[in-house]
Each structure stands twice: as structure tokens, then as C-alpha cells.
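Undergrad: Numbering (the working numbering), first residue to last: 36 to 209.
Even for Gly, the Cβ is constructed at its ideal location relative to N, Cα and C.
From a predicted model like this one, the values you see are computed outputs, not experimental measurements.
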Amino acid sequence: MRVHLFLEQSDFKFEPWEEAVPEIKKWIDDHVIAVAEGHNLNHAVIHIQCADAVSLKFGVRDLHREQSPMIAAMEDSVVSDYEDAGFDYWDSIPPFGVVELYALELTHRPDVTEAELEAFFLLAVNFLLNSFMMIAFRGSEVEHVERYMEDTIRWARAYTYQGETCFRYKHPGW
């Protein structure tokens, strides 16, 4: 989905997850997701608040609609030679629905555990992937939260853009 279409929606929430571990269920049961337009219709500001315990605010921008050169860097990172050890049949850059995460601001109570924060970020990434086909982020943008995003980063594809390590992540098989 494109960001401007995402902004037209009115009901934002984490999807129900019956077999979720207690850390995840806790956030699903008590959360609010607010979305507002950024500086234009290709940008959105997303604020996820779970109880009074944790809050994450960040921006997303539609890379295709913004005609970002980051797309070319992503495409250059796709291994097209099927004989190469890094080849992955499913690895491609979608023609739309590719968003960059930026300006991440995390706040949480001191009693929130690392496992709870990891669960929170898993839910946030899944929320984004239910709306967009791929998320991308610069290493520098997630340095302060990277320990909570280890699973996402582990499965993401790294690429270089403007001399910086960046990551792109989508559901396997898309």
C-alpha cells in the first residue's frame, strides 16, 4: 500500500494473535496507534502507545512516490545470478509499498523488560508489514533500539546507501 492510501484508513491496531506469548498479548490487549500526515501525503507519523508503559513514535516515507535514490541502492543489492550463493528467488524490490522508517523515538518505563520491548518491536514491524510490502531503515536510525530489533535485522537484507549500512525487510515469500 502507498502511504497516502494508508493515511486514509481510520482504524489502526495490532492484529489479534491467539498463540502469542504473554509479552506480546500484553501489548495487543492495551494499545493505541495514532497516525497523522507528515510534511506531505508521502509521509506519515505513527505513534504506538501501549498502556502507560511504552511509546514509539516514528515516520515512514513512501520511497517510490518520493522517487528516492534509495530504491536504486536496494535494487543493486538484489542478487540476480542464480548460481551465486547469495541468490534468493524471492528477493526483489516491490514496485510500490516500500517505506523508509526514520526518526524513531522510544520511551518506556524503567520496569519494562528487554523481552517485552523485543515483543513490542515485533508487533510494530508486523503492523507495518500488514500495510506495506517492505520496510527499509538506515543503521544509524535504529542504533538506539537495535537490540530490540535483532530478529528483524537478522532476517533483513543489508545494502549500502550514501556510504551507510541500511536494511530492507519484508515477509518471506513476497
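Looking at the unbroken alpha helix (DSSP H) that takes in residue 105, where does it start and where does it end?
TA: 105–111
Undergrad: Look at the Cβ atom of residue 134, then the Cβ atom of residue 126, and state whether they are nearer than 8 Å.
TA: In this structure, residue 134 lies away from residue 126, with their beta-carbon atoms at least 8 Å apart.
Undergrad: Using the C-alpha atoms, what's the distance from residue 154 back to residue 160?
TA: 10 Å
Undergrad: If you count every other CB in all the chains shown that lies within 10 Å of the CB of residue 176, and 16 or more means buried, which is it?
TA: When all chains shown are included, residue 176 counts as buried.
Undergrad: CB residue 76 to CB residue 38, shorter than 8 Å?
TA: Yes, the Cβ-Cβ distance between residue 76 and residue 38 is below 8 Å.
Undergrad: Closest to residue 195 by CA distance: which of 189, 183, 178, 171 is it?
TA: 171
Undergrad: Quick one: grab the DSSP three-state call for residue 182.
TA: helix
Undergrad: Pick from 82, 59, 53, 173: whose alpha carbon is nearest that of residue 141?
TA: 82
Undergrad: Quick check on residue 73: buried or exposed, where buried means 16 or more other Cβ atoms within 10 Å of its Cβ?
TA: Note on residue 73: 16 or more other CB atoms within 10 angstroms of its CB, so buried under the neighbour-count rule.
Undergrad: Go ahead and label residue 182 buried or exposed: buried means 16 or more other beta carbons lie within 10 angstroms of its beta carbon, across all protein chains shown.
TA: exposed
Undergrad: Once the 5 residues before and after residue 144 are set aside, which same chain residues still bring their CB inside 6 Å of it?
TA: 88
Undergrad: Hey, residue 36 and residue 162 are a contact pair by Cβ (cut 8 Å); roughly how many whole angstroms apart?
TA: That belief does not hold up - the Cβ atoms of residue 36 and residue 162 are roughly 12 Å apart, past 8 Å.
Undergrad: Quick one: grab the DSSP three-state call for residue 200.
TA: strand
Undergrad: Within a Cβ cutoff of 7 Å, which residues of the same chain sit near residue 200, ignoring the five residues on either side of it in sequence?
TA: 174, 193
Undergrad: To the nearest angstrom, how far is it from the Cα of residue 42 to the Cα of residue 100?
TA: 14 Å
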